[in-house]
Amino acid sequence: MKFVIIGINAYMLISYFMDIDASDSDTSIGFGFIALMVVLTVINIPLYIVYKVIDKKAKRLCPACGVNVEVGLTICPMCKFDFAKSAGA
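Positions in the sequence shown are counted from 1; adding 5 to them yields this note's numbering.
Next comes the structure, spelled out in structure tokens:
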């Protein structure tokens, strides 16, 4: 999903700058760039919200090293803390 957002932004920026020619005035280029930034903001806010909702995985904090570990893992990938052993299972 990250690459989709980056791709949309790159496409919009490239297409904007490819459309500028030498006969355009500085004012029209500036207004066009401001309009492009507004459009990118309007597009990116919903995409960012969707990305955060999709990417949100259940995590818990390892008591030994403090790293976020996905729920379902029984051993911390960083410090090898055993969650099942500490729970008494």
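Where a beta carbon is used, it is the ideal one built from N, C-alpha and C, also for glycine.
### Task
Label Val43 either buried or exposed according to how many other C-beta atoms from any shown protein chain fall within 10 Å of its C-beta, with 16 as the threshold for buried.
What you label residue 43 is simply residue 38 of the sequence shown in a count that begins at 1. Residue burial is scored here from C-beta neighbours: Val43 has fewer than 16 other C-beta atoms within 10 angstroms and is therefore classed as exposed.
### Where the alpha helix (DSSP H) containing Lys7 begins and where it ends
The sequence position of residue 7 within the sequence shown is 2, counting from 1. Where Lys7 is concerned, the enclosing alpha helix (DSSP H) stretches over 7-23.
### Query
Helix, strand or coil: how does DSSP classify Val76 here?
The residue you call residue 76 lines up with position 71 of the sequence shown. In this structure, Val76 counts as coil in the three-state DSSP scheme.
### Query
Applying the criterion that 16 or more other CB atoms from any shown protein chain within 10 Å of the CB defines a buried residue, is Val55 buried or exposed?
Position 50 of the sequence shown holds residue 55. By the neighbour-count rule (16 or more Cβ atoms within 10 Å), Val55 is not buried but exposed.
### Message
For a test of the three-state rule: what should DSSP assign to Lys57, helix, strand or coil?
### Response
Here residue 57 refers to the residue found at position 52 of the sequence shown. Looking at Lys57 - three-state DSSP - the assignment turns out to be helix.
### Where Lys90 sits in the DSSP three-state scheme
The residue you call residue 90 lines up with position 85 of the sequence shown. If DSSP states are grouped into helix, strand and coil, Lys90 belongs with the helices.
#### Entry: Inter-residue spacing [alpha-carbon to alpha-carbon] between Arg65 and Gly93
Stepping through the sequence shown from its first residue, residue 65 is reached at position 60. Stepping through the sequence shown from its first residue, residue 93 is reached at position 88. Distance between the alpha carbons of Arg65 and Gly93 is about 18 Å.
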